[in-house]
Amino acid sequence: MEGMFGQDENAAVGDDGEERFEDATDGDATHTLADVIAAFDDYCLPRKNVAMEEAFKFNSIAQKEKQTFAEFETELRTQIQYCEFSCAKCQTPYSDRMLRDRIIIGIQDKKLQLKLLDGRDDPLAKIIDTCKIFEAASENKQLLDRKDNLLDVKLVSKKVEADSEVKTVDAVTRNRCYSCGRQFNLNHRRMCPAVNAECYACGETGHYSKCCRKKSTKP
24 MEGMFGQDEN AAVGDDGEER FEDATDGDAT HTLADVIAAF DDYCLPRKNV
74 AMEEAFKFNS IAQKEKQTFA EFETELRTQI QYCEFSCAKC QTPYSDRMLR
124 DRIIIGIQDK KLQLKLLDGR DDPLAKIIDT CKIFEAASEN KQLLDRKDNL
174 LDVKLVSKKV EADSEVKTVD AVTRNRCYSC GRQFNLNHRR MCPAVNAECY
224 ACGETGHYSK CCRKKSTKP
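Structure (structure tokens):
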């Protein structure tokens, strides 16, 4: 049998394929190849469960912890390809509106979510730009906070080192240890007997009461 698929349609598509081809054409030779392929796709490919793809999968997507906005947007755009967001009468698509609403509902940062809700029905493009700008600003703030913390640690460390050096120089000048009152040398700090001693005058540890330079804080 010679037809659209060559000299022998049975060899090309088999008995089932020939039967499906005849059903698709209805004996009408004016059908195009695209019409026949669409008929075969409708017959062979599994039917989409629109309720599962739209009502469950798409509407269940929310931004995960530590997931970037770009990754969140990609996940939504991938899933929306399996949905059929279009008007049943005029076939006008409304995928952008559904994507915009899902971004607002699924965004993890609540401050950003409130900002988006206050956007007075902004279009999808503006919602996406707002999310990207907010994420970049948050990352910059975290970076600045880490730098400030490191700077504070360095300043405290330098102050402790400076105080220690001042005490050492002063003790060497006076030739007496401020903690125990004995003769001071550069190795004395490691061997000072008052290093773990509790002062009876102020209650602090690290010096004898006879060397205490603070007023008593004990009752």
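Our numbering applies: residue 24 is where the sequence shown begins, and numbers increase by one. Beta carbons: idealized from backbone N, C-alpha and C, even for Gly.
N-terminal and C-terminal residue of the alpha helix (DSSP H) that residue i is part of
{"i": "glutamine 104", "result": "Where glutamine 104 is concerned, there is no enclosing alpha helix (DSSP H), given that its DSSP letter is neither H nor E."}
{"i": "lysine 87", "result": "It is not in any alpha helix (DSSP H) - lysine 87 carries neither H nor E in the DSSP assignment."}
Any non-hydrogen atom of the ligand ZN closer than 7 Å to residue i Cβ
{"i": "arginine 205", "result": "With respect to small molecules bound, the structure shown includes none, and the ligand ZN cannot be examined in it."}
Residue i versus the options, residue with shortest Cα-Cα distance
{"i": "arginine 213", "options": "Glu221, Cys203, Lys89", "result": "Cys203"}
{"i": "phenylalanine 2", "options": "Glu98, Lys134, Thr115", "result": "Only positions 24 to 242 of the chain appear in this structure, which leaves residue 2 out of reach."}
{"i": "lysine 149", "options": "Leu122, Glu221, Phe207, Phe79", "result": "Leu122"}
{"i": "alanine 78", "options": "Tyr105, Tyr231, Ala93, Ile156", "result": "Tyr105"}
{"i": "alanine 160", "options": "Lys134, Glu96, Thr115, Glu94", "result": "Lys134"}
{"i": "aspartate 152", "options": "Asp58, Phe92, Cys113", "result": "Phe92"}
{"i": "glutamate 162", "options": "Gln90, Ser83, Ala57", "result": "Gln90"}
{"i": "arginine 100", "options": "Leu140, Glu221, Arg120", "result": "Arg120"}
Residue i to residue j span [Cα, whole Å]
{"i": "aspartate 144", "j": "alanine 61", "result": "39 Å"}
{"i": "glutamine 102", "j": "serine 118", "result": "11 Å"}
{"i": "isoleucine 128", "j": "alanine 85", "result": "8 Å"}
{"i": "proline 216", "j": "glutamate 227", "result": "15 Å"}
{"i": "cysteine 154", "j": "lysine 170", "result": "25 Å"}
{"i": "arginine 125", "j": "leucine 147", "result": "10 Å"}
{"i": "cysteine 234", "j": "asparagine 198", "result": "14 Å"}
{"i": "glutamine 131", "j": "alanine 111", "result": "33 Å"}
{"i": "valine 218", "j": "leucine 137", "result": "57 Å"}
{"i": "cysteine 200", "j": "leucine 167", "result": "43 Å"}
{"i": "phenylalanine 207", "j": "glycine 229", "result": "15 Å"}
{"i": "glutamate 158", "j": "phenylalanine 108", "result": "29 Å"}
{"i": "phenylalanine 95", "j": "isoleucine 156", "result": "15 Å"}
{"i": "valine 195", "j": "arginine 205", "result": "Residue confidence is low: valine 195 scores 48 on pLDDT, short of 50, so the model does not pin down where it sits. Its coordinate-derived value is still stated next. Cα-Cα distance, rounded: 11 Å."}
{"i": "glutamate 25", "j": "threonine 55", "result": "At glutamate 25, the pLDDT of 45 sits below 50, so the modelled position is not reliable; the number obtained from the coordinates is stated separately. So the two alpha carbons sit approximately 16 Å from each other."}
{"i": "lysine 237", "j": "cysteine 222", "result": "10 Å"}
{"i": "serine 232", "j": "glutamine 165", "result": "47 Å"}
{"i": "methionine 27", "j": "threonine 115", "result": "Residue placement at methionine 27 cannot be trusted, given a pLDDT of 49 that sits under 50; what the coordinates show is reported in the next sentence. Their Cα atoms are separated by approximately 35 Å."}
Beta-bridge pairing of residue i - partner residues as DSSP gives them
{"i": "glutamine 206", "result": "Arg199"}
{"i": "threonine 228", "result": "Glu221"}
* With a floor of 4 residues, list each alpha helix (DSSP H) that falls wholly inside the segment 113 to 166, ordered by position along the chain. => Segments of the alpha helix (DSSP H) lying fully in the segment 113 to 166: 118 to 129, 133 to 140.
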